[in-house]
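In order, the protein sequences belong to chains H and P. Heads up, the first sequence is in our numbering, so the first residue is 140 and it goes up one at a time. Heads up, the second sequence is in our numbering, so the first residue is 109 and it goes up one at a time.
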Amino acid sequence: MLLEAHQVSRAFGSFLALSGAELELAEGEIVGLIGPNGAGKSTFFNCLSGDLQPTSGRILFAGSEVTRATPEAHARLGIGRTFQVPATFEEMSILDNVMVGAFLRHPARGEAREAARRIVEFAGLDRLRDQPARSLGTPGRKRLEIARVLASEPRLILLDEALAGLNPVEIQEAIALVRRIHARGITLVIVEHIMEVILSLTGRVLVFNQGRTIASGKPRDIVDHPAVIEAYLGQRRQRRRRE
Amino acid sequence: MRWGWLAIAVALLLYPWILTGPFYERMGADLLLAAIAAAAWNILGGYAGQISVGHAVFYGIGAYVPLLVYTHWQLPPVLGIPAGILVSLAVAAVIGVPTFRLQGHYFSMATIAVAELVRIVVGNWDFVGAAIGLMGPAVPRSLLDLSFKSAVPYYYIFLAVLAAILALTAHLERGRMGYYWRAIRAGERAARSLGVPVRRYKLWALLLSAGFTSLAGSLYALMVGFVDPESAFGILVSVEMIITAALGGVGTLLGPLLGAAILVPLKATTNSLFGGGGSGLTYILYGGIILLLARFEPGGLIELSRRIATRSLKKAKARAA
């Protein structure tokens, strides 16, 4: 197993945001995390990336314990992430943004630059290479974040709603990019609201509701799962009735 | 760009031959000293984005230690320079560990608190001259005392130091260190997610910055031959470093020198026009500059000139097309 999470819980004060989450991820998989807002998927995601420390439970990456490791230690071990609201380095050029990622494995400037150039080209940002990141719109920023984390040469990338806010054409382009990243042998965990993305990309889905994993399985089966319908559609139906 | 630097270097080398007389000579030395201090501050505050308003601590230590070794042991003040740097580095490491847990304004406020604390302690500590301060050798005992009547020797010493600091900064700016600093300034969380050891790189910036600020303080004490708590540890010492760097452009190589080239002559003029009462006016001027920068051009004059250049370039292109 590349990544194992056992009984991961996280409380904020007295509020239990995540309770006993389980995940076993084999190298080369793409797993989706879905669930309504506040279901705990972002909390779980942040525990996996090292941005949050679990209150209890264990997380292992490639056999070594990373439960309480810092985000930078996660990056060094090979776990990369993107952010829901893109956190690109606004004043730096696109190539320089990617170079920050590349410096992790290539301390020398020349090598980092070469590696960053290849990634920028791979991500289709070549033409805009010398523009500052702030000149990009949301789709460009999300693409740049993906390029930047790729440059740090991770084994696992955690994508946090990397496709939210994109139009249908951009979504198709982004899906194609994620497929090409997967084809490089990189394992992916995807948090996403858009069902189309989940259905077309992931091999397995974990459904969160009220801090717990209520179902897991193949995306096609998950859509018909009663607990999932309850969590997603049930609420909406009840709301409609109330109105 | 390379020609620009060459022109600046030539202008600075020739300055004492073109503008002669004690007033201009002293102004030139003051200008370079302000540029050194601002360039030192700029490493932490500009490149790494950690706005310290307490750099007077390091400046003050640098200014005091040379005169302290002279006062107590009759040693040449120059020997106090490395000692001052070592003390500054130790203090920086001690301050850095707790304050770097704070971000943004909280960090800045903590640095003010530390600096004011040190100023008050120094002002009440007899060993370091308390409120009166310390004097250097009145008459040079040997060349080693580095006590000159004219400001020109200081001018060239300062120029060499400034060149060394800018060369080192330029080197670091291009490498991993510079990229990591800029990433930290842009967003610590994103930087950490890419494997940037944020604490360590902030500490590197602080140590370099503190060491050079201490050196600037020492050079000041050598030239002036007298320090007191206000002139070495006062909050205005920190504020001047910030304004000088910010006016030119924070996080740029040329910014501190450009800022000093404007502020120091301005201050010298107001002081000579209005005498002692002019010093109050200087600070009103500082306040005005802070306001204008914050409102219109946080990137400083460098950013402004860049913007004008790209705009005229675009216009020229539009005309050609």
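For each residue, glycine too, the CB sits at the ideal point set by N, CA and C.
- [ ] State the Cα-Cα distance for the pair SER255 of chain P and ASN150 of chain P, rounded to the nearest angstrom.
- [x] SER255 of chain P and ASN150 of chain P have their C-alpha atoms roughly 29 Å apart.
Task: Proximal chain P residues relative to MET334 of chain H, where beta-carbon distance stays under 9 Å - done: Per Cβ cutoff of 9 Å: no residues; MET334 of chain H is ~27 Å from chain P at best.
Task: Simplified DSSP assignment, three categories, for VAL170 of chain H - done: Looking at VAL170 of chain H - three-state DSSP - the assignment turns out to be strand.
Task: When P:PRO261, P:ILE416, P:ALA271 and P:ALA246 are compared against ILE116 of chain P, the one with the closest alpha-carbon - done: The residue with the shortest Cα to Cα distance from ILE116 of chain P is P:ALA271.
- [ ] With DSSP collapsed to three states, give me the class of SER255 of chain P.
- [x] Note: SER255 of chain P maps to coil in three-state DSSP.
Open item on the list: Assuming the contact rule is C-beta atoms closer than 8 Å, ALA303 of chain H and GLY174 of chain H should be a hit. Round their C-beta distance to whole Å, please.
Closed with: About 14 Å; that fails the 8 Å criterion.
Open item on the list: By the DSSP assignment, the alpha helix (DSSP H) with VAL222 of chain P in it spans what residues?
Closed with: 213-231 is the extent of the alpha helix (DSSP H) around VAL222 of chain P.
TODO: Could you confirm whether any beta carbon from chain H is found closer than 8 Å to the beta carbon of LEU270 of chain P?
DONE: Chain H contact via Cβ: absent.
Open item on the list: So for ALA238 of chain P, helix, strand or coil by DSSP?
Closed with: Three-state result, ALA238 of chain P: coil.
Open item on the list: Going by C-alpha to C-alpha distance, which of H:SER274, H:ARG244 and H:ASP269 sits closest to ARG215 of chain H?
Closed with: Closest by alpha carbon: H:ARG244.
Open item on the list: Are the CB atoms of PRO337 of chain P and GLY192 of chain P within a distance shorter than 8 Å?
Closed with: Not closer than 8 Å, so no.
- [ ] Compare the Cα-Cα distances from LYS281 of chain H to each of H:PRO225, H:SER158, H:GLU309 and H:THR326 and report the closest residue.
- [x] Closest option to LYS281 of chain H, Cα to Cα, is H:PRO225.
Task: Under 8 Å (Cβ pairs) to chain H, residues found in the region 276-308 of chain P - done: Taking 8 Å as the Cβ-Cβ cut-off against chain H, the residues of the region 276-308 of chain P that qualify are ARG282, GLY283, ARG284, TYR287, TYR288, ARG290, ALA291, ALA294, GLY295, ARG297, ALA298, ALA299, ARG300, SER301, LEU302, GLY303, VAL304, PRO305 and VAL306.
TODO: Just the chain P side, please: which residues come within less than 8 Å of ASP235 of chain H by C-beta, in chain order?
DONE: By Cβ distance, chain P contributes TYR287 and ARG290.
- [ ] Could you work out which residues of chain A lie near THR182 of chain H, taking near to mean beta carbons separated by less than 8 Å?
- [x] Chain labels in this structure do not include chain A; the protein chains are H and P.
Task: Minimum Cβ-Cβ distance from MET140 of chain H to chain P less than 8 Å - done: Using beta-carbon distances, MET140 of chain H does not count as an interface residue toward chain P, since no partner is under 8 Å.
Task: Presumed contact (8 Å Cβ cut-off) between PRO190 of chain P and VAL177 of chain P, rounded CB distance - done: A Cβ-Cβ distance of about 11 Å is found for the pair PRO190 of chain P and VAL177 of chain P, leaving them out of contact under the 8 Å criterion.
Open item on the list: Pull the bridge partners of HIS145 of chain H from the DSSP assignment, please.
Closed with: Looking at the DSSP assignment, HIS145 of chain H forms a beta bridge with H:ARG197.
Open item on the list: Tell me the rounded alpha-carbon separation between ALA299 of chain P and ALA241 of chain H.
Closed with: Straight-line Cα distance between these residues: approximately 12 Å.
- [ ] Check the Cβ-Cβ distances between THR194 of chain H and every residue of chain P, and say whether any is below 8 Å.
- [x] Taking Cβ atoms only, chain P never reaches closer than 8 Å to THR194 of chain H, which makes this a no.
Task: LEU190 of chain H in three-state terms, based on DSSP - done: It is worth fixing the name first, because residue 190 of chain H is Asp in this sequence and not Leu. Here ASP190 of chain H sits in coil by DSSP.
Task: Nearest neighbour of THR128 of chain P, chosen from P:ARG249, P:ALA354, P:SER258 and P:LEU366 [CA to CA] - done: Cα-wise, what sits closest to THR128 of chain P is P:SER258.
Task: PHE266 of chain P versus PHE184 of chain H: straight-line alpha-carbon distance, rounded - done: Distance between the alpha carbons of PHE266 of chain P and PHE184 of chain H: 53 Å.
Task: Other residues of its chain near VAL306 of chain P: CB distance less than 7 Å, five sequence neighbours each side excluded - done: Cβ contact annotation for VAL306 of chain P (same chain, cutoff 7 Å, sequence separation greater than five): ILE292, GLU296, ALA299 and ARG300, in chain order.
Task: Alpha carbon of GLY407 of chain P to alpha carbon of LEU276 of chain P, nearest angstrom - done: Rounded to whole angstroms, GLY407 of chain P to LEU276 of chain P spans 22 Å at the Cα level.
Open item on the list: For ILE392 of chain P and PRO130 of chain P, I'd like the C-alpha separation in whole angstroms.
Closed with: If I take the Cα positions, the gap works out to 27 Å.
Open item on the list: On the DSSP letters alone, give me the boundaries of the alpha helix (DSSP H) that ARG280 of chain H sits inside.
Closed with: Annotation for ARG280 of chain H: the continuous alpha helix (DSSP H) segment containing it runs 277-290.
Task: Cβ pair ALA324 of chain P, ILE169 of chain P closer than 8 Å - done: Cβ distance not < 8 Å, so ALA324 of chain P and ILE169 of chain P don't count as in contact.
- [ ] Using a Cβ cut-off of 8 Å (strictly closer), state whether ARG365 of chain H contacts chain P.
- [x] For the sequence presented, residue 365 of chain H should be read as Pro rather than Arg. At a cut-off of 8 Å between beta-carbon atoms, PRO365 of chain H makes no contact with chain P.
- [ ] Taking only the alpha-carbon atoms, compute the straight-line gap between THR179 of chain P and ALA221 of chain P and give it to the nearest angstrom.
- [x] Distance between the alpha carbons of THR179 of chain P and ALA221 of chain P is about 29 Å.
Task: Neighbour-count burial assignment, GLU204 of chain H, 16 or more Cβ in a 10 Å radius - done: Its Cβ having fewer than 16 others within 10 Å, GLU204 of chain H is exposed.
Task: In chain order, each alpha helix (DSSP H) run of at least 4 residues that lies wholly inside the region 305-380 of chain H - done: If we require 4 residues or more, the alpha helix (DSSP H) runs fully inside the region 305-380 of chain H come out as 307-322, 334-340, 358-363 and 365-368.
- [ ] Below 8 Å on the Cβ atoms is my guess for GLY367 of chain P versus ALA376 of chain P; work out the distance and round it to an integer in Å.
- [x] Contact flag wrong, Cβ pair sits at about 15 Å.
Open item on the list: Whole angstroms are fine: how far does the CA of ALA366 of chain H sit from the CA of ARG380 of chain H?
Closed with: Because the pLDDT at ARG380 of chain H is just 49, under 50, the model does not fix this residue reliably, and the value given afterwards should be weighed accordingly. In a straight line, the C-alpha of ARG380 of chain H is about 19 Å away from that of ALA366 of chain H.
Task: ARG376 of chain H classed as buried or exposed, judged by whether at least 16 other C-beta atoms fall within 10 angstroms - done: Summary for ARG376 of chain H: the model assigns pLDDT 49, below 50, so the residue's position carries little reliability; its value from the coordinates is reported in the next sentence. Burial call: exposed.
Task: Anticipated Cβ contact below 8 Å, ILE169 of chain H with HIS321 of chain H, distance rounded - done: The Cβ separation is near 6 Å, so the contact holds.
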